[in-house]
């Protein structure tokens, strides 16, 4: 971010193709959530927009400001200062000033020291950022909504029921500027880690996210827009962009993947990012269906709240459904989601295979174990 950027004049040139693409994507993205309609005559609450000052979020903020000025929507931008770099407070101040020049109401939030944990700095900063956005959204009375659900899960009824709740009971919407490039990097990271379909499905355009400050609903309208387009949009409008130096630090896995993706495109062609993002969309449809089927089956197997599962009925399930059922069952039994791996679930699944020994057991995180006794599965404290 250059010095004195807040005082720079914002050009209003003729509409360029990149800016038009961002605006179109934002309009389309805002059609998907299910917000509660305001009372007759009442002004609708604003939608919270996360803005870092980088090209992606500034392009989205400019599009939101355009809709805001035209009365097509109400927005409140929020800049989160992580305090990880010298001068970060000034960057946040200048970003808020620039958003004001665009005609977009904006606030900034300063985070305290990040807590010590086993997570890397990226993960801790991300969790803290989303919690801060959740707090800001509730503090300023921003719009709440529920995400779409798969019809096979009676999600439409669930969504309609939740939409009738009081506005402050609904998780607030938070718009983020993740692009197609971010999606491609997410898929490539999953491939390198040997992840399953859900991880390779990448980021959903609309997704609930639990935070330490309560649930929010993330809206990612730019997943079909490239990073090249967002930067071109900022250049066309004369928006001074802040380039976070952490985005160039090879200490972070995502930066290394970004560089690898650039090299792969040089060898395989520029369509690679779009193809990876398309793969994510296809896998998400499959993963959504399998997850919905697993929810339905688990409700049948443990609909009475029983902590036991019948091994024979588990054995009859397709492995893709069985492992999902078992993962949900283990999480409901108190196994840590952060520690539970695919290897744990696979070993538990093998207990359902015909010929598995009675009284066989598999250790799972948290000092627990799954035991098969008389053909039934149960989670108990691990034996010495």
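In our numbering, the protein residues as written are 4 to 387.
Don't be surprised by glycine CBs; every beta carbon is placed ideally from N, CA and C.
Asked: Do you know offhand how far residue 378's Cα is from residue 351's?; Found: 13 Å
Asked: Within 10 angstroms of the Cβ of residue 334, are there 16 or more other Cβ atoms? Answer buried if so, exposed if not.; Found: exposed
Asked: Are residue 135 and residue 112 closer than 9 Å when you measure CB to CB?; Found: yes
Asked: Could you say which of 140, 257, 269 and 172 lies nearest to residue 194 if we only look at CA atoms?; Found: 257
Asked: Alpha carbon to alpha carbon, what distance is there between residue 312 and residue 303?; Found: 10 Å
Asked: If I measure Cβ to Cβ from residue 354 and keep anything under 6 Å in the same chain, skipping five residues before and after, which residues do I get?; Found: 363 and 375
Asked: Assuming residue 239 contacts residue 22 (C-beta within less than 8 Å), just tell me the rounded distance between them.; Found: 6 Å
Asked: According to DSSP, what are the bridge partners of residue 381?; Found: 374
Asked: Leaving out five residues on either side along the sequence, give the residues of the same chain with a beta carbon under 8 Å from the beta carbon of residue 371.; Found: 336, 337, 338, 382, 383, 384 and 385
Asked: Consult DSSP for residue 344 and reduce its assignment to one of helix, strand or coil.; Found: coil
Asked: Of all the options 74, 75, 243 and 181, which has the alpha carbon lying nearest to the alpha carbon of residue 225?; Found: 181
Asked: Can you tell me whether DSSP reads residue 292 as helix, strand or coil?; Found: helix
Asked: The alpha helix (DSSP H) spanning residue 145 covers which residue range?; Found: Segment: none, residue 145 is in no alpha helix (DSSP H) and carries neither H nor E.
Asked: What three-state label does DSSP hand residue 22 in the structure shown?; Found: helix
Asked: If distances are taken between C-alpha atoms only, which option among 133, 176, 262 and 290 comes closest to residue 216?; Found: 133
Asked: With 16 other CB atoms within 10 Å as the buried threshold, where does residue 186 fall?; Found: buried
Asked: Does the distance from the CB of residue 33 to the CB of residue 76 come in under 9 Å?; Found: yes
Asked: Are there 16 or more other CB atoms within 10 angstroms of the CB of residue 273, so buried, or fewer, so exposed?; Found: exposed
Asked: Helix or strand or just coil, what does DSSP make of residue 244?; Found: coil
Asked: Compute the beta-carbon to beta-carbon distance between residue 285 and residue 323, rounded to the nearest angstrom, for a pair I have assumed lies under 8 Å.; Found: Not quite, the Cβ-Cβ distance comes to about 15 Å (not below 8 Å), so this is no contact.
Asked: With the cut-off set at 9 Å, would you say residue 65 and residue 236 are in Cβ contact?; Found: yes
Asked: Report all residues from its chain with a CB closer than 8 Å to the CB of residue 143; omit the five preceding and five following residues, and keep chain order.; Found: 49, 51, 79 and 110
Asked: Looking at residue 196: is its Cβ nearer than 9 Å to the Cβ of residue 62?; Found: no
Asked: Among 288, 128 and 359, which has the Cα closest to the Cα of residue 87?; Found: 128
Asked: Following the continuous alpha helix (DSSP H) through residue 257, name the residue where it begins and the one where it ends.; Found: 256-271
Asked: Locate the alpha helix (DSSP H) running through residue 92, then write down its first and last residues.; Found: 91-104
Asked: For a test of the three-state rule: what should DSSP assign to residue 322, helix, strand or coil?; Found: helix
Asked: From the DSSP output, which residues share a beta bridge with residue 210?; Found: 221
Asked: Pick helix, strand or coil for residue 73, following the three-state DSSP scheme.; Found: helix
Asked: Go ahead and label residue 72 buried or exposed: buried means 16 or more other beta carbons lie within 10 angstroms of its beta carbon, across all protein chains shown.; Found: exposed
Asked: Under 9 Å, do residue 141 and residue 179 count as touching if we go by C-beta distance?; Found: no
Asked: Answer yes or no: do residue 341 and residue 277 have a C-beta to C-beta separation smaller than 9 Å?; Found: no
Asked: Go through its chain and collect everything with a Cβ distance to residue 220's Cβ below 6 Å, but skip five positions before and after it.; Found: 148, 150, 174, 176 and 211
Asked: Under 9 Å between the Cβ atoms of residue 244 and residue 369?; Found: no
Asked: Given a cut-off of 9 Å on the beta-carbon distance, is the pair residue 297 and residue 261 in contact?; Found: no
Asked: For my contact list, residue 81 and residue 139 are in at a C-beta cut-off of 8 Å; report their separation, rounded to the angstrom.; Found: 5 Å
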